[in-house]
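Presented below is the structure to which this report refers.
Numbering (the numbering used here), first residue to last: -13 to 124.
What follows is the structure in structure tokens.
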């Protein structure tokens, strides 16, 4: 199986969600030699040493949501992913038919009360897309 994981938040420091992502990839690196993994990250650090892990440097900046959508959609096709895991950001909405989405929602508070959660003026953009991502996750 070919699995892509957005690990871009590891470049910002290993706190909060970053520590969850770090523990996930560390565990997979130690215990899964069967599947092929693609780690999409913003830095060139090698987080995993197993030969079945491949690094893709994304060069995504903070609040570059349209660029994220294009990049992750393209990578899903180019890397022929069976699974794409979005542990914090929204998953790509356009993926190959065979690609399944895993979307981790860490805090449902953002779904219930969005005031102050997103940058000013961004609620109109994020709230419907996050809800759509939750519905799309399979």
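Ideal placement from N, C-alpha and C gives every residue a C-beta, glycine not left out. What you are looking at is a predicted structure, and each value in this text was computed from that prediction instead of being measured.
- For residue 58, the uninterrupted alpha helix (DSSP H) run begins and ends at 51 to 64, by DSSP.
- Counting the other Cβ atoms within 10 Å of the Cβ of residue -6 gives 16 or more, which makes it buried.
- Under DSSP, residue 83 forms no beta bridge with any residue.
- As a beta-bridge residue in DSSP terms, residue 26 pairs with -8, 42.
- For residue 31 and residue 121, the gap between their C-alpha atoms comes out near 33 Å.
- Beta-bridge pairing by DSSP links residue 88 to 71.
- Shown here, residue 20 sits in coil according to DSSP, grouped into three states, outside any helix or strand.
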